[in-house]
Amino acid sequence: MDENLVTVYQIVKAVEHPPSPLKFRQYLERYLAELEWWPYGSDYEILSEVTTPYFDHFGPEDLEMNMPWKYLDIQGMNHTAFVHASTCFESVLHCWLYINLLFAPDDPSKKSRIELPQDKSAPIVILGAGVSGLLVANMLRDLGYEAVRLLEKTDRYGGKTHTVPEGFPRPQHEVKNTICELGTCYLSPAYDEMVKKFAQFTTDVGNKQVGFGGPTGNFRGIITKGQFSGKFPVPPVVSYPEYILLKAADETGMSPPIGPDRKKNAEALQERIADDLDAYCVEHERIMGRQKPMPLKPPDPFLHSKSARSFLDFLRSNDWESLVGLMQYGYSVQGYGPLDEIPAYYGLVWVTPDVARQIAREFRNPDGKDIVTAWSLGWSDVWYHMQRGMSITYNVDVISVYRAGVLDD
Ligand SMILES: Cc1cc2nc3c(=O)[nH]c(=O)nc-3n(C[C@H](O)[C@H](O)[C@H](O)COP(=O)(O)OP(=O)(O)OC[C@H]3O[C@@H](n4cnc5c(N)ncnc54)[C@H](O)[C@@H]3O)c2cc1C
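Sequential numbering of the sequence shown, starting at 800, is according to the working numbering.
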């Protein structure tokens, strides 16, 4: 291959404050020089970089203080709704589910529903034209509100979505122009309902969900360095189904899927994974209930238990070590951080029984339907169509809010 285009994200552990683009560039250059599997040596050029505080979420202490539910309790007070990834989970899907929870357009009797003005011409201001701001503005437009205005700190809409469209195909033998996502990137079948709802901003205007592996035959490799205990040999790069089985063997002490008994061992591991996954789904429903994206009340005592500190603690305390590889993949493929860092609560918010079963299905049938997809024209194209006709004022850094003469911080 003469030329390739590579996008990299979340190469450092989660940091509260993102490095400057220059620092990030220096870090990337240092990192690439050390990587054994990086095939391009020093023959590369960094075209653009974006840094952002990634994955706004409450830490274990905040969760123990029930922070997400404290936000739920104040929703609608002072005629205000608080909608941001940190109130639910860092994904477009979760922002959308949370907005549906608060505005409940299809169910006026829903307990979580906040009161909206009777007068459809009442002025409504939204702070931030990022993902949640645009989704709320769109919801209010659907509900018939006519005087909605967005105030945005930067000179662009879309927030953490950073689609960089290349005007040509890379590598050159590809037929379509390349779209790089430096922010919001993937979808899964869990997004299907939302995608259907947004057809006018997506599929109807030529933006299609495209797959990465499966039928289109691309290889999604997992780098194994530093991930295994050394009990048995593991190749430096493995496919996703191989990774899940190897990791299950490493974690449980069961025989690895290698050597003459490869097939038999693989089957035993698959069976164990299937059993543990069933148990996970039952426990998930017991803890989280069916309300999406989160239960309306804190899932106590789970939230205060030691096993809830990290998703890895949670899996291990339930003897579901066979699921570590599967969850590591399902959780961190979108850059949501390692299992030992992320509170178990967020693991459960993201890996719902539906998602867990979809991942498992893909792992059993890697050539089947794609589970991980992206937009052929990028997420920015979705927001481009959605924001049309909205009133957005840019370069407004909102520092305080006055409501009917009351000053809030
Ligand atoms: C690298 C990366 C990969 C991701 N991958 C995925 C993915 O694969 N799938 C997925 O679903 N999600 C993904 N996400 C997450 C998704 O992008 C976020 O969940 C989503 O952007 C959160 O929306 P938000 O409105 O809460 O915040 P943002 O999108 O950050 O929007 C906040 C907006 O508010 C503005 N603002 C902030 N302060 C002020 C102020 N004082 N006054 C006025 N305006 C202000 C900001 O400028 C910004 O425009 C990814 C994110 C990143 C960074």
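Backbone N, C-alpha and C define an ideal beta-carbon position, used for all residues, glycine too. None of these values were measured; they are calculated from a predicted model.
C-alpha gap between residue i and residue j, whole angstroms
i: Pro1056; j: Pro907; result: 53 angstroms
i: Asn1006; j: Gly958; result: 20 angstroms
i: Lys919; j: Asn937; result: 14 angstroms
i: His1083; j: Leu821; result: 42 angstroms
i: Cys894; j: Phe854; result: 13 angstroms
i: Val1123; j: Val1036; result: 18 angstroms
i: Ile925; j: Val1200; result: 11 angstroms
i: Glu1050; j: Glu945; result: 56 angstroms
i: Asp1208; j: Ala1159; result: Note that Asp1208 scores a pLDDT of 47, beneath 50, so its modelled location is shaky; the value from the coordinates is reported in the next line. Distance between the alpha carbons of Asp1208 and Ala1159: 46 angstroms.
i: Lys1091; j: Val1148; result: 9 angstroms
i: Leu1138; j: Ser1116; result: 14 angstroms
i: Ile978; j: Pro1059; result: 44 angstroms
i: Arg1187; j: Thr962; result: 18 angstroms
i: Val1197; j: Lys952; result: 7 angstroms
i: Tyr1079; j: Val1154; result: 12 angstroms
i: Ala1065; j: Ala1048; result: 9 angstroms
i: Ser1106; j: Ile1141; result: 12 angstroms
i: Gly929; j: Pro852; result: 14 angstroms
i: Phe1162; j: Asp1075; result: 15 angstroms
i: Phe997; j: Leu1044; result: 37 angstroms
i: Thr850; j: Gly982; result: 9 angstroms
i: Leu950; j: Val1195; result: 6 angstroms
i: Leu901; j: Met876; result: 12 angstroms
i: Lys975; j: Pro1152; result: 35 angstroms
i: Lys909; j: Arg940; result: 20 angstroms
i: Leu846; j: Val805; result: 10 angstroms
i: Gln1069; j: Tyr1135; result: 25 angstroms
i: Lys995; j: Met1053; result: 43 angstroms
i: Tyr897; j: Phe881; result: 10 angstroms
i: Glu828; j: His856; result: 29 angstroms
i: Ser796; j: Ile1170; result: No answer is possible for residue 796: it lies beyond the span of the chain, which begins at 800 and ends at 1208.
i: Pro922; j: Ser885; result: 26 angstroms
DSSP-derived helix/strand/coil call for residue i
i: Ala1155; result: helix
i: Thr1051; result: helix
i: Gln1008; result: strand
i: Gly1020; result: strand
i: Tyr897; result: helix
i: Ser908; result: coil
i: Ala1107; result: helix
i: Ser1131; result: helix
i: Ser1190; result: strand
i: Tyr1201; result: strand
i: Asp861; result: helix
i: Trp868; result: helix
i: Met1093; result: coil
i: Tyr990; result: helix
i: Cys887; result: coil
i: Gly770; result: The question about residue 770 has no answer, for the chain in this structure spans 800 to 1208.
i: Asp1208; result: Residue confidence for Asp1208 is low, a pLDDT of 47 falling below 50, so the modelled location carries little weight; the figure read from the coordinates is stated next. Note: Asp1208 maps to coil in three-state DSSP.
i: Asn1064; result: helix
i: Ala998; result: helix
i: Tyr1042; result: helix
i: Phe1162; result: helix
i: Pro820; result: helix
i: Trp837; result: coil
i: Ala1182; result: The identity of residue 1182 in the sequence shown is Trp, whereas the question assumes Ala. Three-state result, Trp1182: helix.
i: Gln1069; result: helix
Proximity to residue i [Cα-Cα], best of the options
i: Lys1096; options: Lys1105, Asp1180 and Ile1086; result: Ile1086
i: Thr960; options: Glu863, His878, Val1200 and Tyr808; result: Tyr808
i: Val1033; options: Lys1024, Arg824 and Tyr1039; result: Lys1024
i: Gly1129; options: Gly1052, Met1093, Pro1040 and Ser1104; result: Pro1040
i: Thr1002; options: Gly1188, Val1195 and His1184; result: His1184
i: Ser1028; options: Ser1038, Ile1022, Ile1021 and Lys1046; result: Lys1046
i: Asp842; options: Leu831, Lys1030 and Val849; result: Leu831
i: Ser1109; options: Val849, Met1126, Arg912 and Glu833; result: Met1126
i: His883; options: Leu846, Leu933 and Glu848; result: Leu933
i: Phe823; options: Glu848, Glu833, Trp837 and Leu834; result: Glu848
i: Ile1191; options: Asp991, Val947 and Ile1021; result: Val947
i: Ala1173; options: Tyr985, Glu835 and Ile1021; result: Tyr985
i: Pro904; options: Val1132, Pro988 and Gly943; result: Gly943
i: Asp1180; options: Gln825, Pro964, Ser885 and Arg1061; result: Pro964
i: Met1093; options: Glu802, Met866, Gln825 and Glu828; result: Met866
i: Gly1211; options: Gln874, Tyr1042, Trp868 and Glu835; result: Here the chain covers residues 800 to 1208 and nothing more, so residue 1211 does not appear.
Beta bridge counterpart(s) of residue i as assigned by DSSP
i: Val1036; result: Ile1022
i: Thr806; result: Paired residues: none, contrary to the question.
i: Trp1174; result: Gln1008
Alpha helix (DSSP H) segments (min. 4 residues) lying fully within the stretch 911-987: 930-941
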